[in-house]
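Number of protein chains: 2
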Amino acid sequence: MIFMTAKVTEIKRQRAPSKRSLQTRARILDAAEALFADRGFEGASIRDIAAKAGVQVGLVHHHGGGKEELFHKTVARRADELAQIRLDALNALKEAGQPTLRGVLDCFIRPYITLAETGGVGWMAYGRLVAHVSVDPRWRAIAAECFDPTARRFIAEIAALYPKVDAALLASGQVYSVSAVLAHLNSAWRVDALSEGGQLAGTDELIDFCAAGIEALVRSANP
Amino acid sequence: MIFMTAKVTEIKRQRAPSKRSLQTRARILDAAEALFADRGFEGASIRDIAAKAGVQVGLVHHHGGGKEELFHKTVARRADELAQIRLDALNALKEAGQPTLRGVLDCFIRPYITLAETGGVGWMAYGRLVAHVSVDPRWRAIAAECFDPTARRFIAEIAALYPKVDAALLASGQVYSVSAVLAHLNSAWRVDALSEGGQLAGTDELIDFCAAGIEALVRSANP
DNA sequence: GCTTAAGTTGAACGATCGTACAAAATAAGG
DNA sequence: CCTTATTTTGTACGATCGTTCAACTTAAGC
């Protein structure tokens, strides 16, 4: 049940992985991502993943290294890429001058939405996968490892805009905002149902929502 | 895989259920609630639920009627109670005079938070359970049945405050707000980690966040 | 208090789960 | 090209899964 973070024996590779094995590894991660996102950790079986990837069950273990480690790898893969894009956007913003809350939030939110909408089915599924990780207490270690560093960076950036506001209040605003972003990605169907066929708000409106919400938190601390 | 909503044969009860069986039924639902909330649908086994409830596995089926129906009953039980409390609060607010956005949101959000904080472990677990339902596409029917009627009622109430704003935009605000409430209930540990031991925002601040967010959405529609 | 519907027990069913492993196929490094 | 590390196949194991059912116990209704 406990997730294994450390490998006891680190065996050195003696050869570079073949191009085919890298492709296979990517196909397995893609299949795992889609199925974990749709059905959760135990809802997706190794056999389902193997079938979707077009490989044998044993191969999933060979590349994934057990189901929990496969889950971890699936979450971490895109988290690293997304974190880089977000930080690049933040750095570009800061070079352009003094950042605003709206601008910082834009750097955090927009890359995610854009990738989900135009980056292919993988990034779309990743939103649901992250939602699963965020919900389940068992994956706290994964969430802390994959998401906390970037979240801390952006909270620090926002804190610089409001030096006198308690960090925990800004962290709360960040957590609320992340959840709103995940809802934006995963609950378009719900908005459609609740408004009789209406369309979900756009990315700009979502960022407006989060920025105004955080400003309200700041106001509550500085009455 | 498809959730069965209709019973083909409706057998009439010839006797009232015994007091003991009602207690057993409640214990099974409590156990199912806690385990579904912690581990998700397939992560919680019928045997785990039976063991936690202190009954035999067959009895879980007798009272639950299959795993999916048990899951549905677990979600629906508190949803009905919560919906009633929320609507009562809304009616009391309207009798006191012309409602405000902040007031309407308070009726929607505060009962949930209060129950989770003071209503016992059941209501605390329920927040995680609802989060699971919201994440997984397989439970859309349950979400629509248990949550949509109340959500529609509150969206209509907010729409009355902003007659010229698109309903889908307000529905988006509602969905964002619900996700923030769930994050508030389930992610206190995350705020703690991100702010080095700081404390999650209070209920008033959460409602401020949502109200300011929705007002920002309204502004974006009425430039 | 008797009758019997309803509740409960305990065991068993077939299916599927994650994992392990030997053998075969592939391709990197010299 | 040869060697052999690595990748891939195919199968099998033990455990656990959801579900079923006959037998037994409890208690509601008359």
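Protein chains in written order, with this note's numbering: chain A, 1 to 223; chain B, 1001 to 1223.
Glycine included, C-beta positions come from ideal geometry on N, C-alpha and C.
(1) When the Cα atoms are used, what is the spatial distance from W1189/B to G1198/B?
(2) Taking DSSP as the reference, what is the three-state secondary structure of K1073/B?
(3) Distance cutoff 8 Å, beta carbons only. Does F1036/B sit that close to anything in chain A?
(4) If you check the beta carbons only, do D106/A and I214/A fall under 8 Å apart?
(5) Please name the residues in the segment 1040-1054 of chain B whose beta-carbon is closer than 8 Å to at least one beta-carbon of chain A, in chain order.
(6) Along chain A, in chain order, which residues have C-beta atoms closer than 7 Å to that of G1198/B?
(7) Got a sec? Which residues, its chain only, sit under 8 Å from M1/A by beta carbon, not counting five neighbours each side?
(8) I think V1060/B touches I1028/B, with their Cβ atoms under 8 Å apart; what is that distance to the nearest whole Å?
(9) Report the residue from T1024/B, G1119/B and V1191/B whose alpha carbon sits nearest the alpha carbon of Q1056/B.
(10) Quick one: is T5/A near chain B, going by C-beta distance under 8 Å?
(11) Excluding the 5 residues preceding and the 5 following A212/A in the sequence, name in chain order all residues of the same chain whose CB lies nearer than 6 Å to its CB.
(12) So, does the CB of I158/A fall closer than 8 Å to a CB anywhere in chain B?
(13) If you follow the alpha helix (DSSP H) that K52/A is part of, which residue opens it and which one closes it?
(14) What did DSSP end up calling G119/A once you bin it into helix, strand or coil?
(15) Skipping 5 residues on each side, what residues in its chain have a beta carbon closer than 8 Å to that of S177/A?
(16) Thinking C-beta only, is I1142/B closer than 8 Å to V1133/B?
(17) Taking only three categories from DSSP, how would you classify N186/A?
(18) How many Å lie between Y1048/B and A1032/B at the Cα?
(19) Let me know the secondary structure DSSP gives L200/A once reduced to three states.
(20) Measuring CA to CA, which of P163/A, L35/A, A151/A and R15/A is closest to G173/A?
(21) Excluding the 5 residues flanking A83/A on each side, which residues of the same chain have their C-beta closer than 6 Å to its C-beta?
(22) Can you list the residues of chain A that W1189/B reaches, using a CB-CB cut of under 9 Å?
(23) Measuring only the C-alpha atoms, how far is L200/A from A1167/B?
(24) As a quick exercise: from L1090/B, A1216/B, S1045/B and L1129/B, pick the residue whose alpha carbon is nearest that of K1067/B.
(25) Please give the ranges of any alpha helix (DSSP H) in the segment 1084-1172 of chain B, keeping only runs that are unbroken, at least 4 residues long and fully inside the region.
(26) Do you know offhand how far S187/A's Cα is from V1175/B's?
(27) Chain B partners of F209/A, CB-CB under 7 Å?
(28) Rounding to the nearest angstrom, what Cα-Cα distance links L1169/B and R1015/B in this structure?
(29) If the cut is a Cβ gap below 7 Å, which residues of chain A does A1131/B touch?
(30) What alpha helix (DSSP H) runs, 4 residues minimum, are completely inside the segment 9-41 of chain A?
(31) Is any beta-carbon of chain B found at less than 8 Å from that of R78/A?
(32) Could you tell me which of K12/A, V130/A, S179/A and L70/A sits nearest to A37/A, measuring between CA atoms?
(33) Please report the Cβ distance between L90/A and E157/A, rounded to the nearest whole angstrom; I am assuming they are in contact, meaning their Cβ atoms lie under 8 Å.
(34) Residues of chain A with a CB under 7 Å from the CB of I1155/B: which are they?
(35) Mapping DSSP to helix, strand and coil, what is G1058/B?
(36) If you measure from the beta carbon of I1002/B to each beta carbon in chain A, is any gap under 8 Å?
In brief:
(1) Spanning the alpha carbons of W1189/B and G1198/B requires a straight line of approximately 10 Å.
(2) Assignment of K1073/B by DSSP, reduced to helix, strand and coil, places it in the helix class.
(3) Answer no: the Cβ-Cβ gap between F1036/B and chain A never drops below 8 Å.
(4) One thing to note: D106/A has its Cβ no nearer than 8 Å to the Cβ of I214/A.
(5) For the segment 1040-1054 of chain B, which is checked against every Cβ of chain A, the residues closer than 8 Å are G1040, F1041, E1042 and G1043.
(6) For a Cβ distance threshold of 7 Å, residue set D166, A167, A168 and A171 of chain A lies close to G1198/B, ordered along the chain.
(7) For M1/A, the predicted model reports a pLDDT of 38, less than 50, meaning its position is unreliable; a value from the coordinates is still stated below. So the qualifying residues of the chain are R138.
(8) Yes, they are in contact, since the Cβ atoms of V1060/B and I1028/B sit about 6 Å apart, within 8 Å.
(9) Ranking T1024/B, G1119/B and V1191/B by Cα distance to Q1056/B puts T1024/B first.
(10) The predicted model places T5/A with a pLDDT of 38, which falls under 50 and marks its position as unreliable, so this point remains unresolved.
(11) Excluding sequence positions up to five before and after A212/A, its CB lies less than 6 Å from no other CB in the same chain.
(12) At least 8 Å separates the CB of I158/A from every CB of chain B.
(13) K52/A: member of the alpha helix (DSSP H) spanning I46 to A53, first to last residue.
(14) Assigned with DSSP and collapsed to three states, G119/A falls in coil, not helix or strand.
(15) Spatial neighbours of S177/A in its own chain (CB-CB distance under 8 Å, excluding positions within 5 residues in sequence) are listed in chain order as L105, F108, I109, C210, G213 and I214.
(16) Going by C-beta atoms, V1133/B is nearer than 8 Å to I1142/B.
(17) The DSSP-derived three-state label of N186/A is helix.
(18) What sits at residue 1048/B in the sequence shown is Asp, not Tyr. Taken atom to atom, the span from the alpha-carbon of D1048/B to that of A1032/B is near 9 Å.
(19) Coil at L200/A, not helix or strand.
(20) Per the Cα distances, A151/A.
(21) Counting only Cβ-Cβ distances below 6 Å, and skipping sequence neighbours, we find T150.
(22) Those are P137 and R140, listed as they occur along chain A.
(23) Cα to Cα, L200/A sits roughly 10 Å from A1167/B.
(24) Out of L1090/B, A1216/B, S1045/B and L1129/B, S1045/B has the C-alpha closest to the C-alpha of K1067/B.
(25) Runs of the alpha helix (DSSP H) inside the segment 1084-1172 of chain B: 1101-1118, 1121-1135 and 1140-1161.
(26) Each residue's Cα considered, the two are about 8 Å apart.
(27) Per Cβ cutoff of 7 Å: G1173, Y1176, G1213, A1216 and L1217.
(28) Looking at the two C-alpha atoms, the distance is approximately 50 Å.
(29) What A1131/B touches in chain A: V135.
(30) Taking 4 residues as the minimum length, the alpha helix (DSSP H) runs contained wholly in the segment 9-41 of chain A are 19-39, in order along the chain.
(31) For R78/A, not one C-beta of chain B is nearer than 8 Å to its own C-beta.
(32) Cα-wise, what sits closest to A37/A is V130/A.
(33) The beta-carbon separation of L90/A and E157/A, rounded to 7 Å, stays under the 8 Å limit for a contact.
(34) Result: L194.
(35) Reduced to three states, the DSSP call for G1058/B is helix.
(36) Only weak support is given to the placement of I1002/B: the predicted model assigns it a pLDDT of 33, under 50, and the value that follows is read from those uncertain coordinates. Output row for I1002/B: interface = no.
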